[in-house]
């Protein structure tokens with residue numbers, strides 16, 4: 302029995318359970334690749350607050366905007382694989398390595414341990430109220446009569462808002478001009494002043510401006526209407542066939558993080574976002590809580606990677622700048 306017990310304890314140590322018992326033994330950082338005030342930052346701060354309560358340890362958010370989110374992603378990739386440095390990963394983290402693999406210098410599928418997807422958020426096509434269009438077909442016609450003259454903003458090259466604009470241009474057959482920003486906050490300011498003609502913004506950040514009448518919503522990018530804005534049609538309903546783009550946010554740790562630590566974090570996040578306050582906050586901002594464990598999130602990331610590689614290879618989407 303002694304031999305069996307010793308063997309059993311050795312097996313538990315191999316599984317990383319001592320690391321789990323000690324985790325977390327210091328504050329946890331969640332790195333965000335976009336500026337404060339944007340949708341990624343909003344999700345990160347909600348999760349950080351709830352995780353702090355669940356884990357009994359401080360969880361802080363650190364913004365490192367730049368390179369379409371890649372600065373934060375690379376920093377987490379090289380961080381110690383102990384679960385104390387996490388990435389608020391997003392749609393852009395799948396796209397960056399496809400668009401520019403050498404500059405990105407990471408692969409979300411291969412270089413990270415997926416923890417969980419937090420939420421899927423539809424983007425919404427918004428225009429400035431001064432623009433004489435109230436529907437997507439009207440915007441398409443307006444853009445066709447002014448090729449290259451309409452500017453649209455994004456959170457950066459390779460971001461969900463950028464790809465949403467490129468997909469729109471490709472499927473609608475229009476030529477528009479992309480203006481990248483370091484996050485959505487400044488783009489939102491320029492949208493409200495009329496510097497930008499339109500933008501695909503996250504519902505999380507766009508809804509307050511839509512409700513205040515500062516922006517006009519034309520369509521959401523998801524396959525079904527959003528519960529956060531049920532009156533707004535989908536892009537397909539608005540006349541752009543095959544359009545489907547969901548922005549999403551999740552948590553990932555550096556590759557090699559002990560599986561028990563990843564599982565504990567996943568369980569804590571999934572439990573936290575089921576709280577009434579979290580559900581209400583996400584729904585109010587246009588998101589919906591997810592319930593993906595690490596394995597399900599890994600499958601989702603791989604499917605997104607394959608899907609967008611196919612779209613780029615077919616020339617449906619192009620990102621030149």
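In this note's numbering, the protein residues as written are 302 to 622.
Glycine included, each C-beta is placed from N, C-alpha and C at the ideal position.
Just how far apart, CA to CA, sit residue i and residue j?
i	j	result
residue 431	residue 494	10 Å
residue 413	residue 374	10 Å
residue 477	residue 576	42 Å
residue 567	residue 344	15 Å
residue 411	residue 603	10 Å
residue 544	residue 475	15 Å
residue 350	residue 360	7 Å
residue 377	residue 358	19 Å
residue 395	residue 435	33 Å
residue 523	residue 403	30 Å
residue 561	residue 579	25 Å
residue 527	residue 469	19 Å
residue 305	residue 371	Its pLDDT being 41, under 50, residue 305 is placed unreliably by the model, and nothing is read from it.
residue 616	residue 471	9 Å
residue 433	residue 449	17 Å
residue 459	residue 447	25 Å
residue 618	residue 490	27 Å
residue 565	residue 613	36 Å
residue 620	residue 445	20 Å
Name the one or two DSSP bridge partners that residue i has.
i	result
residue 545	Answer by DSSP bridge pairing: none, since residue 545 is not bridged.
residue 411	BP columns for residue 411 are empty, so no partner.
residue 330	361 and 386
residue 481	455
residue 589	421
residue 535	521
residue 503	424
residue 550	391 and 420
residue 555	413
Measure the Cβ-Cβ separation of residue i and residue j and say whether it is below 8 Å.
i	j	result
residue 451	residue 499	yes
residue 332	residue 409	no
residue 473	residue 425	no
residue 405	residue 364	no
residue 479	residue 453	yes
residue 535	residue 518	no
residue 339	residue 486	yes
residue 516	residue 530	no
residue 399	residue 609	yes
residue 342	residue 335	yes
Please look up how many angstroms separate the CB atoms of residue i and residue j, rounded, as I've assumed it's under 8 Å.
i	j	result
residue 422	residue 588	4 Å
residue 570	residue 419	7 Å
residue 481	residue 455	5 Å
residue 427	residue 511	7 Å
residue 417	residue 584	That belief does not hold up - the Cβ atoms of residue 417 and residue 584 are roughly 18 Å apart, past 8 Å.
residue 514	residue 483	That belief does not hold up - the Cβ atoms of residue 514 and residue 483 are roughly 27 Å apart, past 8 Å.
residue 573	residue 355	5 Å
If you measure from the CB of residue i, is any heavy atom of the ligand SAM nearer than 7 Å?
i	result
residue 366	Absent from the structure shown: the ligand SAM. Ligands present: none.
Exercise. Indicate whether the contact test is met: 3 or more Cβ pairs, each with one atom in the stretch 582 to 598 and one in the stretch 371 to 387, closer than 8 Å.
Key: The stretch 582 to 598, when compared against the stretch 371 to 387, does not touch it at the 8 Å Cβ threshold.
Quiz item: Does the pairing of the stretch 461 to 470 with the stretch 545 to 556 give three or more beta-carbon distances under 8 Å?
Solution: yes
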